[in-house]
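To keep things clear, I will list the structure first and then write my remarks on it.
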Amino acid sequence: MGPGPANANPRVLAAQAMPLLGHMHPPFFKIMDEIQAGLRYVFQTSSEYTCLISGTGHAGMEACITNLLEPGETIVIGDKGIWGARAADMAGRFGVNVVDLKKEAGKTFTIAELEAALKEHKPAVLFLCQGDSSTGVHQNLAGLGELCHAHGALLLVDTVCSLGGVPFFADAWGIDAMYSGSQKVLGAPPGAAPLFFSERALKKLRERKTKPMSYNWDLNLIGDYWGWFGSRSYHHTGMVSMWYAMREALQIMGEVGLEGMWARHKRLHEDMWKGLTAMGLEPFVANPADRLVTVNTIKVPEGVDWLALNKFAMDTYNVELAGGLGPTLGRVWRVGIMGYNATPANVELVLTSFREGLKAQGKLKA
Ligand code: PMP
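Per numbering that gives the first Met the number 0, residue 0 is the first one in the sequence shown, and the count goes up by one each step.
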């Protein structure tokens, strides 16, 4: 019940144990096609340009940045937690001009702030993290694609800890590129980064003057393995077992349905906060509309030892809770409600861990 990896669905783990297929054999291409159909559904896009990057969320981040930008171009980073800071670090390494648009931890960017940055810096790309797992903030994305396009920029979004747990509409919101992670709401082990490019983003890639600086993440080559350009060629060995896992994870998303997933995560987030509030605990994110339902940040009260409470939860109930990360370190607990772990029983276990953990420190009377 930390910010991930969450427990994987046993169906996904069973799929991963199936015998290997050749990564360039037609039956495996069929599996890749089915994965892409599932990705189109969870991304809510009709774009042909979807794939799994062989790596975790960071690999997806690096793939998007190195393919979307050429050295000397500008990226504006919406920096409101550690993910913006990492994207800025990566872009700088690729010779991209980085504009670090900082925001206090726990807050989101307004459309007016982003519009001002687009006008001033005229970037090729705007980066935003939808669900910031370091702060528990949910950045609203509706309308931002149109805004970026009006200023000649592409919109790149991190959905590693939010995809599947909160609404996301790649096409309707005009998103140009997005990467995610397998080990959070999607309920698979870490090791695959779902990725999406719009037509606009693909055009930018195809018209580059320079090759993407990473061979490993070159989407001209990876796309050609995933059939983006009408053929299939070998770039690297597809992660056969991991792809089986993702096919099953996406199948489960389809069975439950996105609306069902979003509603379940929201309901459990609300139920958990009812219980936490009754114990006198407070959310780190002041504005309820900005609170991420998949990763919840809970303020550590004065005089409470957060690490001791986490240890108590693990030792007593086998429940993993996490402390803060980056700007929230020592200030919050982070509790994940994600995918296979998003059940009323697990939320109840989290509440029991906090109740008894606080009592053990003499910080809760009742
Ligand atoms: N972005 C966000 C929002 C994340 O929560 C994470 C993982 N915690 C990452 C990126 C990086 O993903 P990974 O650890 O899978 O590389």
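Every residue, glycine too, gets a C-beta built ideally from N, C-alpha and C.
As the structure is a prediction and not an experimental result, all values here were calculated from the model.
Local Cβ density within 10 Å of residue i, reported as buried at 16 or more and exposed below that
| i | result |
| --- | --- |
| His268 | buried |
| Leu328 | exposed |
| Lys364 | exposed |
| Lys310 | exposed |
| Trp306 | For the sequence presented, residue 306 should be read as Leu rather than Trp. It counts as exposed. |
| His24 | exposed |
| Met17 | exposed |
| Leu308 | buried |
| Glu319 | buried |
| Glu61 | buried |
| Met313 | exposed |
| Pro4 | buried |
Residue i: first and last residue of the uninterrupted beta strand (DSSP E) it sits in
| i | result |
| --- | --- |
| Phe93 | Per DSSP, Phe93 belongs to no beta strand (DSSP E) and is neither H nor E. |
| Thr49 | 49-53 |
| Cys128 | 124-128 |
| Gly335 | 331-335 |
| Gly356 | Note, Gly356: premise wrong, no beta strand (DSSP E); alpha helix (DSSP H) at 343-359. |
| Gly77 | 73-78 |
| Met177 | 176-178 |
| Gly156 | In the sequence under discussion, the amino acid at residue 156 is Val, which differs from the Gly named in the question. Looking at the DSSP string, the run of the beta strand (DSSP E) that includes Val156 is 153-157. |
Where the alpha helix (DSSP H) containing residue i begins and where it ends
| i | result |
| --- | --- |
| Asn66 | 56-67 |
| Thr276 | 257-277 |
| Leu140 | Leu140 -> no alpha helix (DSSP H), and no H or E assigned at all. |
| Glu198 | 198-205 |
6 angstroms Cβ shell around residue i - same chain, five flanking residues per side excluded
| i | result |
| --- | --- |
| Asn66 | Leu204, Pro211, Leu218 |
Nearest-angstrom beta carbon gap, residue j and residue i [assumed within contact, 8 angstroms]
| i | j | result |
| --- | --- | --- |
| Ile76 | Ala87 | 5 angstroms |
| Ile411 | Trp225 | Absent from the model: residue 411. The displayed extent of the chain is 0 to 365, so no value can be given. |
| Tyr178 | Cys63 | 5 angstroms |
| Ala192 | Gly180 | 6 angstroms |
| Asp99 | Asp78 | 5 angstroms |
| Leu155 | Ala176 | 5 angstroms |
| Pro73 | Lys121 | It should be noted that the sequence gives Thr, not Pro, for residue 73. Going by Cβ atoms, the distance from Thr73 to Lys121 rounds to 7 angstroms, so yes, they are a contact pair. |
Residue(s) in a DSSP beta bridge with residue i
| i | result |
| --- | --- |
| Lys298 | Val331 |
| Pro193 | Leu51 |
| Val97 | Ile74 |
| Pro282 | Ile297 |
Cutoff 8 angstroms; reference residue i; Cβ partners in own chain excluding five residues on either side
| i | result |
| --- | --- |
| Arg330 | Phe283, Lys298, Val299, Gly323 |
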